[in-house]
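Novice: Residue numbers (our numbering): 15 to 416. No residue lacks a Cβ here, since even glycine has one placed at the ideal position from N, Cα and C. Here it is, the structure in full.
Spelled out as structure tokens, the structure:
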């Protein structure tokens, strides 16, 4: 079975074509700047160089057509005809309380995704555009949606409810949802394999650390708490997002800085985080370089991020009654040995010990704790596309008997 995995952003489309027999990535690519000047498709066939296709991409529908054309191109394509695509799996950011698992697309599912758009106005609409474009181009191919929020639907009410009047939950669904679910689910499963144990027997803390960052407490294979909330703004300090702040700061800023709601939203989501603290960059590589030259604000941003990750690890250890392993993933988690070491420094009371030699790796699945470390520490590159492909294949085999 060949599964096309599609991830539509507001101005981008990421894709992978995966042969589920052996889970081989036949091709992957990215379309950037949809609806803008300078749009480009970067297509990488398995074992070959990336091909840059510079062309106007006015919409997601046009983008999906270009993806299929690239996959079937006689020079750099990997399939002869789009009829070789057996199923399409889509990433959808927000499923609210309507969806607790991946599902086959139906008219009711499309309505549900649209209904959740107010919970993720920047993400769900382009996700929906991608699904509709694929359905139009490949009307006989089954479409499956995999939700970022679904993995966290196992959280108990005491973890997902806010201390707000209960009617806000009843009327508007105001609660913690959590995100990066496919990533947390994937690395938890890989960690269990590396430990030689069932994920159902383990207490794990998964740290998805990138420009967007979240932490999850995974107890016996299920998420029982996570740092992102009603939106991805909650939780950790991130690249440009503030993370958790005192809510009273918002009306204070509106009064003192004469800001409206839209300006506050932009301020918290795009101008805060380590960018706002450092005044330099949202990229931790830039911050680490500047801190090495003595830039105090860059060092402060790094220290704040590591401190908050460490606090969540301690909190989630308490919530689960212990922890068997801590996992680092995503861009920063996979590639920054110094950040991993800084986060783990001071966690020795849990029984953790980082092996400095093992920790000196980038983007490779490996245990980085010492042999006598009671709590194991892993670096595991995430693979959200593979989770989507697996869910898509499983649903199609079970429901459609592909």
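If you compare alpha carbons, which of 37, 229 and 124 is closest to residue 322?
Specialist: Here residue 322 refers to the residue found at position 308 when the chain shown is read from its first residue. The shortest Cα separation from residue 322 among 37, 229 and 124 belongs to 229.
Novice: What is the rounded straight-line gap between the Cα of residue 159 and the Cα of residue 27?
Specialist: As a position in the chain shown, residue 159 is number 145, starting the count at 1. As a position in the chain shown, residue 27 is number 13, starting the count at 1. C-alpha separation (whole angstroms): 15 Å.
Novice: Which residue marks the beginning of the alpha helix (DSSP H) containing residue 197, and which one marks its end?
Specialist: One-based indexing of the chain shown puts residue 197 at position 183. Looking at the DSSP string, the run of the alpha helix (DSSP H) that includes residue 197 is 195-209.
Novice: Between residue 282 and residue 273, is the Cβ-Cβ spacing less than 8 Å?
Specialist: Within the chain shown, the letter at position 268 stands for residue 282. Within the chain shown, the letter at position 259 stands for residue 273. Against a cut-off of 8 Å, the Cβ pair of residue 273 and residue 282 comes out as no contact.
Novice: According to the Cβ coordinates, are residue 104 and residue 138 closer than 8 Å?
Specialist: For the purposes of this step, residue 104 is taken as residue 90 along the chain shown, with counting starting at 1. For the purposes of this step, residue 138 is taken as residue 124 along the chain shown, with counting starting at 1. Going by C-beta atoms, residue 104 is not nearer than 8 Å to residue 138.
Novice: Is residue 218 closer than 8 Å to residue 341 when the C-beta atoms are compared?
Specialist: For this step, residue 341 is matched to residue 327 along the chain shown. For this step, residue 218 is matched to residue 204 along the chain shown. Yes, these two residues count as a Cβ contact at 8 Å.
Novice: Is DSSP giving residue 381 helix, strand or coil here?
Specialist: On the chain shown, position 367 is the one that residue 381 refers to. DSSP places residue 381 in strand when its eight states are reduced to three.
Novice: Closer than 7 Å by C-beta to residue 296: which residues in its own chain qualify, once you throw out the five before and the five after it? Chain order, please.
Specialist: Counting from 1 along the chain shown, the entry for residue 296 is found at position 282. The residues are 225, 253, 254, 287, 288 and 289.
Novice: Considering just the uninterrupted stretch of the alpha helix (DSSP H) at residue 270, what are its terminal residues?
Specialist: Taking the first residue of the chain shown as position 1, residue 270 is located at position 256. First-last of the alpha helix (DSSP H) with residue 270: 263-270.
Novice: Among 352, 327 and 398, whose alpha-carbon lies nearest the alpha-carbon of residue 220?
Specialist: Translated into the one-based positions of the chain shown, residue 220 becomes position 206. Of 352, 327 and 398, the residue nearest in Cα terms is 327.
Novice: With distances taken between CB atoms, is the gap from residue 250 to residue 319 smaller than 8 Å?
Specialist: As a first step, residue 250 must be located in the chain shown, where it is residue number 236. As a first step, residue 319 must be located in the chain shown, where it is residue number 305. Yes, Cβ-Cβ distance for residue 250 and residue 319 is below 8 Å.
Novice: Using DSSP's beta-bridge definition, name the partner residues of residue 222.
Specialist: Stepping through the chain shown from its first residue, residue 222 is reached at position 208. The partner list for residue 222 (beta bridge, DSSP) reads 228 and 343.
Novice: Does DSSP put residue 68 in a helix, in a strand, or in coil?
Specialist: Taking the first residue of the chain shown as position 1, residue 68 is located at position 54. Strand.
Novice: If I'm right that residue 423 touches residue 74 with Cβ under 8 Å, what's the distance once you round it to whole angstroms?
Specialist: Here the chain covers residues 15 to 416 and nothing more, so residue 423 does not appear.
Novice: Whole beta strand (DSSP E) runs in the stretch 80-167 with 3 or more residues, listed along the chain?
Specialist: 101-106 and 157-161, all fully within the stretch 80-167.
Novice: Between the C-alpha atoms of residue 240 and residue 150, what's the straight-line distance to the nearest angstrom?
Specialist: Position 226 of the chain shown holds residue 240. Position 136 of the chain shown holds residue 150. Going by the C-alpha atoms only, they are around 36 Å apart.
Novice: What did DSSP end up calling residue 215 once you bin it into helix, strand or coil?
Specialist: Here residue 215 corresponds to residue number 201 of the chain shown, with the count starting at 1. Reduced to three states, the DSSP call for residue 215 is helix.
Novice: Apply the 10 Å Cβ neighbour rule to residue 117 and answer buried if 16 or more other Cβ atoms are within range, or exposed otherwise.
Specialist: In the chain shown, counting from the first residue as 1, residue 117 sits at position 103. Flag for residue 117 reads buried.
Novice: Measure the beta-carbon distance from residue 231 to residue 333 and round it to whole angstroms, keeping in mind my assumption that it falls under 8 Å.
Specialist: On the chain shown, position 217 is the one that residue 231 refers to. On the chain shown, position 319 is the one that residue 333 refers to. Yes, residue 231 and residue 333 are in contact; Cβ-Cβ is about 5 Å, under 8 Å.
Novice: Check each candidate in 136, 205 and 214 and name the one with the smallest Cα separation from residue 390.
Specialist: Against the chain shown, residue 390 aligns to sequence position 376. Of the candidates 136, 205 and 214, the one whose C-alpha sits nearest the C-alpha of residue 390 is 205.
Novice: Could you tell me which residues DSSP pairs with residue 20 in its beta bridges?
Specialist: One-based indexing of the chain shown puts residue 20 at position 6. In the DSSP output, where bridge partners are listed per residue, residue 20 has 29 and 104.
Novice: For the stretch 305-374, list the beta strand (DSSP E) runs that are entirely contained and at least 3 residues long, ordered along the chain.
Specialist: Listed in chain order, the complete beta strand (DSSP E) runs (minimum 3 residues) inside the stretch 305-374 are 339-343.
Novice: Check whether the stretch 170-181 touches the stretch 118-136, taking contact to mean three or more Cβ pairs, one atom from each stretch, closer than 8 Å.
Specialist: Because the criterion of three Cβ pairs below 8 Å is not met, the stretch 170-181 and the stretch 118-136 do not touch.
Novice: Can you grab the Cα-Cα spacing for the pair residue 22 / residue 196, in whole Å?
Specialist: On the chain shown, residue 22 is found 8 positions in, with the first residue counted as 1. On the chain shown, residue 196 is found 182 positions in, with the first residue counted as 1. Rounded to the nearest angstrom, the two C-alpha atoms are 16 Å apart.
Novice: My output table needs one value for residue 237: the three-state DSSP class, helix, strand or coil.
Specialist: Counting from 1 along the chain shown, the entry for residue 237 is found at position 223. Of the three classes helix, strand and coil, the one that applies to residue 237 here is strand, per DSSP.
Novice: Would the stretch 395-411 and the stretch 158-173 be scored as touching if the rule is three or more Cβ pairs under 8 Å?
Specialist: In short, these stretches touch, since the Cβ pair count reaches three.
Novice: Looking only at its chain, what residues have a beta carbon closer than 7 Å to the beta carbon of residue 264, apart from the 5 residues adjacent to it on each side?
Specialist: Along the chain shown, one-based indexing puts residue 264 at 250. Closer than 7 Å at the Cβ level, and outside the excluded window around residue 264, lie 278.
Novice: Out of curiosity, what's the CA-to-CA distance linking residue 31 and residue 348?
Specialist: Position 17 of the chain shown, counted from the start, is the residue given in the question as residue 31. Position 334 of the chain shown, counted from the start, is the residue given in the question as residue 348. Each residue's alpha carbon lies about 24 Å from the other.
Novice: Which of the three DSSP states, helix, strand or coil, is assigned to residue 171?
Specialist: The residue given as residue 171 occupies position 157 in the chain shown. If DSSP states are grouped into helix, strand and coil, residue 171 belongs with the helices.
Novice: Check each candidate in 360, 85 and 140 and name the one with the smallest Cα separation from residue 106.
Specialist: Counted from its first residue, the chain shown places residue 106 at position 92. It is 140 whose Cα lies nearest to the Cα of residue 106.
Novice: Opposite residue 390 in the DSSP bridges: which residues?
Specialist: Here residue 390 is taken as the residue at index 376 of the chain shown, counted from 1. Looking at the DSSP assignment, residue 390 forms a beta bridge with 339.
Novice: When you compare only the Cα positions, how much space is there between residue 300 and residue 414?
Specialist: Here residue 300 corresponds to residue number 286 of the chain shown, with the count starting at 1. Here residue 414 corresponds to residue number 400 of the chain shown, with the count starting at 1. So the alpha carbons of these two residues sit roughly 49 Å apart.
Novice: What does a CB cutoff of less than 7 Å around residue 70 pick up in its chain, not counting 5 residues either side in sequence?
Specialist: Sequence index remark: in the chain shown, residue 70 carries index 56 (1-based). Contacts found: 53.
Novice: Using a Cβ-Cβ cut-off of 7 Å (strictly less than) and excluding sequence neighbours within five positions of residue 189, which residues of its own chain qualify?
Specialist: Looking up residue 189 in the chain shown gives position 175. Cβ within range, chain order: 174, 175, 176, 183 and 244.
Novice: Would you mind reading off the limits of the alpha helix (DSSP H) that contains residue 406?
Specialist: Translated into positions along the chain shown, residue 406 becomes position 392. 398-409 is the span of the alpha helix (DSSP H), which, as asked, contains residue 406.
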